[in-house]
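In the numbering used here, the protein residues as written are 16 to 501. Glycine included, every Cβ here is placed at the ideal spot set by N, Cα and C. Encoded as structure tokens, the structure appears first; notes follow it.
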């Protein structure tokens, strides 16, 4: 995957245009507009649909063609005639072509072995709207779009600090996708920043179409089901992370930003936790943790208790479960597995269907499948209740990737419970915990602050203390400026 564009720019406009026409042969969206500036031949070259034609016509062509009598020297064009605010001189043709492919306009002038690149990017873009996957009760309603410059502006609006840095990168040998690394210079953990830059520099792929590509190419453990980076559509979430010393990565064509490093507890936090009063936020956070734990182990506990440990069930409840399972031809493990797979099918179908149909199919499909399964004697009514509670508890997880990882862990625990009962669940939880303890995100332990010695970080763990107690930034992040509140 080597670059095929030459760097040489000749002083002859016709020679450069001939080369470009051969380079872009059989390409219909390239516009070549040749004209004269006094006695000099000139040309503008841009991509139709990606460049702002009004800016090109009014501030480039009109200025050069109608006011050229004021020019005595071709080198004065940039300083005396062109009325555009963003323009630069490029000495390599490959660099100019890459800029044109991003929506800029190339200006060639006879006798100058360089290209003037005029910033004219104006491609179709979706407006700023509320993120559909991260709704909040109280907070901003703006979300990222597919245009990287809009996204950086949304963050800049919240961080009006000269120390906010936005470093541009180009990813993909063929796609040359724009990427931006954002951090606050006097807060960020420099080790994390250097590690991230090194990994991004080592990306060598033909195309990067979404931030998900970058996330998979730079993560610590590709075999782990748990996400080691936080993805979000909300600029306030990214801004809060930057204030803690984290680093954000924005990728053009993607409405999702990547935040590194990520910790497992942080993936269960929502913006509402900080926009509401601390008592309400702490209660909701505790409910969230309890719900996630119930959603993880409840089906496995049902399998273990009904298959191996029936003696620990109260007598009346045992009779009720036995009566509900009468006529069910499958053991508890198969019954649970069937319903979990059916639930996974239903969730995936609702996600992929159009919104107008998805919600209806989810409700009707769940009711019909559940009732039909009970009537046919395939599963017991208690199983329907357990799967329903599990599904509701799973939806509490604010991060979809974490929810998917917990779903995989739930299947693992069900299999373990079907082999040795409650001992299997305990062993499975220990294995999952060991994996999480070993996992790191850019050098930061994944379970921080649980595995970190700084007790002050626990004020924002299971409960959130009042904001006036947040004197310092998280210690486990090792930020440069540790003071948040005097």
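Tell whether a beta-carbon distance below 8 Å holds between residue 216 and residue 273.
Contact: no.
Using C-beta distances below 8 Å, list every residue in its chain close to residue 55, excluding the 5 sequence neighbours before and after it, in chain order.
Result list for residue 55: 89, 124, 125 and 126, in chain order.
Please classify residue 288: is it buried, with 16 or more other beta-carbons within 10 angstroms of its beta-carbon, or exposed?
With 16 or more other Cβ atoms within 10 Å, it is buried.
Hey, quick one: how far does the beta strand (DSSP E) through residue 331 stretch, first residue to last?
Counting along the chain, residue 331 falls outside any beta strand (DSSP E), though it belongs to the alpha helix (DSSP H) covering 330 to 339.
Cβ atoms of residue 488 and residue 474: under 8 Å apart, would you say?
No, the Cβ-Cβ distance between residue 474 and residue 488 is not below 8 Å.
Assign residue 390 to buried or exposed, taking buried as 16 or more other Cβ atoms, counted over all protein chains shown, within 10 Å of its Cβ.
Exposed: under 16 other Cβ atoms inside 10 Å.
Taking DSSP as the reference, what is the three-state secondary structure of residue 52?
The answer is strand: DSSP assigns residue 52 an E or B state.
Ends of the beta strand (DSSP E) at residue 65?
From DSSP, residue 65 is part of no beta strand (DSSP E); its letter is neither H nor E.
Pick helix, strand or coil for residue 210, following the three-state DSSP scheme.
The answer is helix: DSSP assigns residue 210 an H, G or I state.
Quick check on residue 61: buried or exposed, where buried means 16 or more other Cβ atoms within 10 Å of its Cβ?
Result: buried.
For residue 60, which residues does DSSP report across the bridge?
According to DSSP, residue 60 bridges with 47 and 121.
Could you give the first and the last residue of the continuous beta strand (DSSP E) run that contains residue 263?
Looking at the DSSP string, the run of the beta strand (DSSP E) that includes residue 263 is 262 to 266.
Provide the residue span of the beta strand (DSSP E) that contains residue 193, from first to last.
Element bounds for residue 193: 192 to 199.
Using alpha carbons as the reference points, say which of 251, 224 and 318 lies closest to residue 149.
Considering only alpha carbons, the answer is 251.
Taking 8 Å as the CB-CB cut-off, is residue 139 touching chain D?
In summary, chain D is missing from the structure at hand, where a single protein chain is found.
Give me the Cβ distance between residue 76 and residue 99, rounded to the nearest whole Å; I'm assuming they're in contact under 8 Å.
With a Cβ gap of about 11 Å, residue 76 and residue 99 do not count as contacting.
Select from 407, 167 and 348 the residue whose C-alpha is nearest the C-alpha of residue 305.
Residue 305 has its Cα closest to that of 407, out of 407, 167 and 348.
Just to confirm the assignment, what range does the beta strand (DSSP E) spanning residue 180 have?
179 to 186 is the extent of the beta strand (DSSP E) around residue 180.
Can you find a heavy atom of the ligand NAP that lies under 7 Å from the Cβ of residue 172?
Among the components modelled here there is no ligand, and therefore nothing to report on the ligand NAP.
Taking DSSP's pairing of strands, which residues face residue 246 in a bridge?
For residue 246, which the question treats as bridged, DSSP gives the partners 273.
Hey, out of 43, 409 and 64, whose CA is closest to residue 302's CA?
Checking every option, the nearest Cα to that of residue 302 belongs to 409.
List the DSSP bridge partners of residue 479.
According to DSSP, residue 479 bridges with 475.
Would you check if the distance between the CB atom of residue 257 and the CB atom of residue 174 is smaller than 8 Å?
Closer than 8 Å, so yes.
Measuring straight from C-alpha to C-alpha, what distance separates residue 462 and residue 276?
Each residue's alpha carbon lies about 11 Å from the other.
Within the continuous alpha helix (DSSP H) that includes residue 320, where are the two ends?
293 to 322 is the extent of the alpha helix (DSSP H) around residue 320.
Whose C-beta lies closer than 7 Å to the C-beta of residue 133 among residues of the same chain, with five residues either side of it excluded?
Cβ within range, chain order: 75, 99, 102, 119, 120 and 122.
From what residue to what residue does the alpha helix (DSSP H) around residue 356 run?
That run of the alpha helix (DSSP H) goes 347 to 367.
In the DSSP assignment, find the unbroken beta strand (DSSP E) run with residue 103 in it and report its ends.
It spans 102 to 105 - the beta strand (DSSP E) in which residue 103 sits, taken as one unbroken run.
If you draw a straight line from the C-alpha of residue 154 to the C-alpha of residue 415, how long is it?
If you take the alpha carbons of residue 154 and residue 415, they lie about 20 Å apart.
Could you compute how far the alpha carbon of residue 220 sits from the alpha carbon of residue 52?
Roughly 42 Å separates the two Cα atoms.
Give me the residue from 494, 156 and 181 with the minimum Cα distance to residue 261.
It is 494.
For residue 283, which of helix, strand or coil comes out of DSSP?
If DSSP states are grouped into helix, strand and coil, residue 283 belongs with the helices.
For residue 467 and residue 490, I'd like the C-alpha separation in whole angstroms.
Going by the C-alpha atoms only, they are around 9 Å apart.
Can you check whether the CB of residue 318 is closer than 8 Å to the CB of residue 351?
Contact flag set, yes.
On the DSSP letters alone, give me the boundaries of the beta strand (DSSP E) that residue 410 sits inside.
Careful: residue 410 lies outside any beta strand (DSSP E) and carries neither H nor E.
How would you call residue 313, buried or exposed, if buried means at least 16 neighbouring beta carbons within 10 angstroms?
So residue 313 ends up on the buried side.
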